[in-house]
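Notes for the one structure printed next.
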Amino acid sequence: MISIGGVDLVAGLYRRYAADLVEVVERQRAVTTDARCRPGLDDLEAEITYLLLRQLRPEHVVEIGTSAGRTTSWLLSALRDNGSGRLVSFRRAPRPSNVPDELAADRWTVYTGDVRARIEALPETTDYLLLDAAHTARFGRWYVRTVFPRLASGTPVGVHEVYRGRSAWVRREGGVVLDWLAERDVPHFTVARRRVPQIVAALTDLRRELGVGDARGPGTNPMIWFEMP
Ligand SMILES: C[S@@+](CC[C@H](N)C(=O)[O-])C[C@H]1O[C@@H](n2cnc3c(N)ncnc32)[C@H](O)[C@@H]1O
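Residue 296 is where the sequence shown starts when you use my numbering, and the numbers rise one by one after that.
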């Protein structure tokens, strides 16, 4: 297990997987520009999620909250490029998915309905969890009490929308997670522009040097990553 935090680790992953990443960024552009599919993740957080999956090679990835599928496509791209791994996604209501067939292949299962009533659909083991569903304190309290205890120590977790930049967001789902982490002394990593501008500047320079294409999304990058204690 590697530690998912740290700019040096992330910079190393950018260098290691640069050629593959350049291709995925280009393909994702087609997914993103489809009118049905609003950008789900910003540039750095999407790319870092891809890079972590490449490095960690998880067998079972869980995504709680999929919509038109841009984030889903990033996750599936990493599993395709790894040549292994499956993704289980949850969404509350059916809607047209923009996930390309070649990515979904036989590696994607999507469940529709309230995940709180489908907990048995989670795989027996989860090797990477991404949360981007309801951004309410109530939903945050549900998953820290119900989903987190099911995860093995060391499981990497990404939570979107934590550092959106308005304090109200932090008091909601993000606040619940940040409190949960603080109570357990668990560090987290972020590339949120307002929190760590120097890290964002360094990674932006590196992306340019590696030819990783133009920035996409508003550049807020509100995700956090941590490992289950
Ligand atoms: C912000 S969108 C996720 C966007 C996603 N990152 C993407 O790129 O497609 C949030 C999604 O979470 C789903 N969601 C919200 N609450 C949920 C719940 N209780 N159970 C299952 N899905 C839920 C909604 O259906 C919605 O599609």
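Beta carbons: idealized from backbone N, C-alpha and C, even for Gly.
Computed from a predicted model, the values in this text were never measured in an experiment.
When the five nearest sequence neighbours on each side are left out, the beta carbons in the same chain lying within less than 7 Å of the beta carbon of Gly506 are those of Val317, in order along the chain. By the criterion of a C-beta distance shorter than 7 Å, Ala487 is surrounded in its chain by Tyr458, Thr515, Asn516, Pro517, once the five residues flanking it on both sides are discounted. Under the three-state reduction of DSSP, Gly453 is assigned to strand. Distance from the C-beta of Thr361 to the nearest heavy atom of ligand 1 is below 8 Å. The Cβ atoms of Arg365 and Val302 lie no closer than 9 Å to each other.
Here Gln350 is buried. Its C-beta has 16 or more other C-beta atoms within 10 Å. Fully contained in the region 356-412 are the following alpha helix (DSSP H) runs of length 4 or more, in chain order: 365-377, 396-399.
Its chain contains Ser448, Arg479, Val481 as the residues whose beta carbon lies nearer than 7 Å to that of Pro524, once the 5 sequence neighbours on both sides are disregarded; these appear in chain order. Annotation for Ile494: Val302, Val486 place their beta carbon closer than 8 Å to its own, counting only its chain and skipping 5 residues before and after. One alpha carbon belongs to Thr431, the other to Glu468, and they sit about 5 Å apart.
Going by DSSP, Tyr345 is part of the alpha helix (DSSP H) stretching over 338-351. Trp520 is bridged by DSSP to Gly453, Phe484. The C-beta distance from Leu374 to Arg402 rounds to 5 Å, short enough to fall under 8 Å.
CA-CA distance, His483 to Val471, rounds to 14 Å.
Counting of Cβ neighbours within 10 angstroms places Thr404 among the exposed residues, the total staying below 16.
Looking at the DSSP output, Leu425 bridges to Glu358, Gly453.
Gly378 has its alpha-carbon roughly 24 Å from the corresponding atom of Gly360. Selection Tyr423, Val439, Val383 evaluated against Glu415 yields Val383 as nearest (Cα-Cα).
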